[in-house]
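Chemist: The opening residue of the sequence shown carries number 4 in my numbering; numbering runs sequentially from there.
A virtual CB, placed ideally from N, CA and C, is assigned to each residue, including glycine.
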Amino acid sequence: MTQGKLVRAIGYYHDASYIERIVATFRKLLIDVDWIYGRRINDEGLFEIYLLVKDHPNLQLAILNLSKTVSIERVDVFNDLRIEVLKVGNKNKNSKTIEQHDFVLYIPIYSRVVSYSWGERYGENI
């Protein structure tokens, strides 16, 4: 198990402050962010940002604050998380060690999702 939570923030990207607002929500409550991954979902500017954040007593408060942030449509928290690490080198070979020019992918495997929107918990899947 990973010592943290995987959080997905779905919202509309208008400028670079979108990413800054997401990270600042955790950092102002002294919660460390291990890694961030984002991608565009559609042409209207809807993005999903994945963050692996450390467990902290203020984590639930940060998630609720993030769900109330302007331009954030939904926040999902993935529970029972396991992270698979895939490292690909220059020759497209999966390796055990990370070298200078390797590309590292973190693949989350989870069994439960809790969703928040505007400070309200509205979904839990098993």
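#1: Taking the alpha carbon of Lys71 as the point to measure from, which residue in Ser20, Lys8, Gly126 and Arg24 has its own alpha carbon closest?
#2: For Asn68, name the three-state secondary structure that DSSP assigns.
#3: What residues match up with Arg24 in a beta bridge as DSSP calls it?
#4: Give me, in chain order, the residues of the same chain whose beta-carbon lies closer than 7 Å to that of Trp38; leave out the 5 immediate sequence neighbours on both sides.
#5: Using only the alpha-carbon positions, how far apart do Arg124 and Val117 sit?
Modeler: Let me lay it out:
#1: Of the listed residues, the one whose Cα sits closest to Lys71 is Arg24.
#2: Note: Asn68 maps to helix in three-state DSSP.
#3: For Arg24, which the question treats as bridged, DSSP gives no partner whatsoever.
#4: If the five residues before and after Trp38 are omitted, its C-beta is found closer than 7 Å to the C-beta atoms of Leu55 and Tyr109, all from its own chain and listed in chain order.
#5: It is roughly 7 Å from the alpha-carbon of Arg124 to the alpha-carbon of Val117.
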